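When the count follows the working numbering, it moves up by one through the sequence shown with no breaks and lands on 312 for the last residue.
The structure under discussion appears below in the form of structure tokens.
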Amino acid sequence: MADAGRLKQVNMTLIREAMRGGGEHSKNELARRTGLSFPTVSRIVDDLVEAGEAKETGTAASTGGRCAKQYALDPAYRLFLCLRLEGRRLSWFVCDLNGTRLEQEETESTNGILHDIDTLAMRVKARYPQLAAAAMGYDGPLQNGVAAGSVSHPELRGVSLQAHLEHSFGLPVAVERDMYLVSVGCCCRRKQAPKALVCVYLGRSGIGAGAAIGGKAFHGANGFAGELHYLPIKNNLEYAKSHFAGADMVAYYMQVIRAYAALLNPDRVVLYDDPLIFGKVERIRNACAQTLPPQALPVIELSREFTQDYEAGLCALALGLVEERL
């Protein structure tokens, strides 16, 4: 019986994947696409409809015989929540399985971050009973979901954000460092992922980086990878507090890229746009070209799509949790 149950789950996953991405499908079409027998497909589709995960959407045009019924997954069957914490700013949105946003908001935390998250949990759970999972991005180092100190929110030091959110929402939750998620999203949004990719972002809480090798984001042993303020650059830790007051940004970025070139040899480095490097990217490229051999020099790309990459990474993380529950 256990083997039969496992086989049914495998077959159900195949059918979900065939139906995912929208569109309407007949049982015969799903049988062809999955390689499963028609009776197997028919039973599983009927189970999905009974559970509310799929719905009958009508019939296909007649080709001379009986019109075949059409089915589609209901994207609202399961919803997920994505949260993003940067400095004191908490952004969030609720999505269905197709990635369509049902609600979104951005606020500055004034009552304490954990208090604001708890308030949000009560509000979103009451409004969306189909909520199945939540994912959060944090702009600081994490170790097994526990936050290290941050200039912007020292009250979170030693707090298990993972455990706190799981308790608040009563749902599966994943918490990841912001730049890890950015590198995930940057790879997801490209037709072909670079062999080795580095993403560098200068934000409210300082500068950080994420890396992906072979299209897979690099986590590090304890979630510390990419904390650039710990590189041996003069005044580096002070720059986190002063937001790079008096810094030579061309020299700083050149040193960061050189470090990654020596350790990872990336073929592409994405620099997210910031006023502190406005008009300086070509000078950064030239500085790197003068200090690195040709085989170590990556393509240095300026991007204005930090938010899009970050949110794509959050969605991928949350959707993975939702699919584990299906």
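All C-beta atoms in this analysis are idealised placements derived from N, C-alpha and C, irrespective of residue type, glycine included.
Keep in mind that this is a model prediction, so the values were computed, not measured.
Tell me which residue opens and which closes the beta strand (DSSP E) that R254 is part of. Unbroken beta strand (DSSP E) run through R254: 254 to 258.
Use the C-beta contact count for L223: other C-beta atoms within 10 angstroms, 16 or more gives buried, fewer gives exposed. With fewer than 16 other Cβ atoms within 10 Å, it is exposed.
List the whole-angstrom C-beta distance separating V80 from L65, where the pair is believed to meet the contact cut-off of C-beta under 8 Å. Taking a contact as a CB-CB distance under 8 Å, the pair V80 and L65 counts as one, their CB atoms being some 6 Å apart.
On the DSSP letters alone, give me the boundaries of the beta strand (DSSP E) that A231 sits inside. Taken as a continuous stretch (DSSP letters only), A231 belongs to no beta strand (DSSP E), as it is neither H nor E.
How many angstroms separate the CA atom of K177 from the CA atom of A195? Going from the Cα of K177 to the Cα of A195 covers about 22 Å.
If we ignore side chains and look at the alpha-carbon of each, how far apart do M323 and I30 end up? With the chain running from -13 to 312 in the structure shown, residue 323 is simply not present.
Among the candidates E15, E10, V27, G9, whose CA atom is the shortest distance from the CA of V(-4)? For V(-4), the closest of E15, E10, V27, G9 by C-alpha to C-alpha distance is V27.
List in chain order: all unbroken beta strand (DSSP E) runs of 3+ residues lying wholly within the region 110 to 190. Restricted to the region 110 to 190, the beta strand (DSSP E) segments that are unbroken, complete and at least 3 residues in length are 117 to 124, 159 to 163, 182 to 189, listed in chain order.
Beta-carbon separation of C185 and A179 under 8 Å? For C185 and A179, no; Cβs fall outside 8 Å.
Contacting residues, own chain, Cβ-Cβ under 8 Å from R271 (five flanking each side not counted): I286, listed in sequence order.
How big is the Cα-Cα spacing for M235 and H215? The alpha-carbon atoms of M235 and H215 are separated by roughly 14 Å.
Whole-Å CB distance - Y166 paired with A203, under 8 Å assumed: With a Cβ gap of about 5 Å, Y166 and A203 count as contacting.
Three-state secondary structure assigned by DSSP to L69: L69: strand per DSSP, three-state reduction.
How would you call D(-11), buried or exposed, if buried means at least 16 neighbouring beta carbons within 10 angstroms? The residue is exposed, with fewer than 16 neighbouring Cβ atoms inside 10 Å.
Counting C-beta neighbours from all protein chains within 10 Å, is the total for Q241 16 or more, i.e. buried, or is it exposed? That one is buried.
Only counting the same chain, and skipping five residues up and downstream in sequence, which positions put a Cβ closer than 7 Å to that of G209? P127, L128, Q129, R163, listed in sequence order.
Sequence-distant residues of the same chain with beta carbon closer than 6 Å to E10, five excluded per side: Apart from sequence neighbours up to five positions away, the residues of its chain that approach E10 with a beta-carbon distance below 6 Å are T43, Q56, A58, ordered along the chain.
Burial state of D253, where buried means 16 or more other Cβ atoms lie within 10 Å: Classification for D253: exposed.
Of the residues Y225, I193, E297, E92, the one placed nearest A211, counting alpha carbons only: Closest option to A211, Cα to Cα, is I193.
Can you tell which of L100, T86, A54, A160 has the C-alpha that lies nearest to the C-alpha of L76? Ranking L100, T86, A54, A160 by Cα distance to L76 puts L100 first.
Return the first residue and the last residue of the alpha helix (DSSP H) that L(-7) is part of. In the DSSP annotation of this structure, the continuous segment of the alpha helix (DSSP H) that includes L(-7) starts and ends at -12 to 5.
State buried or exposed for L(-7), treating a residue as buried only when at least 16 other CB atoms are found within 10 Å of its CB. Taking all protein chains in view, the Cβ of L(-7) is surrounded by fewer than 16 other Cβ atoms within 10 Å, so the residue is classified as exposed.
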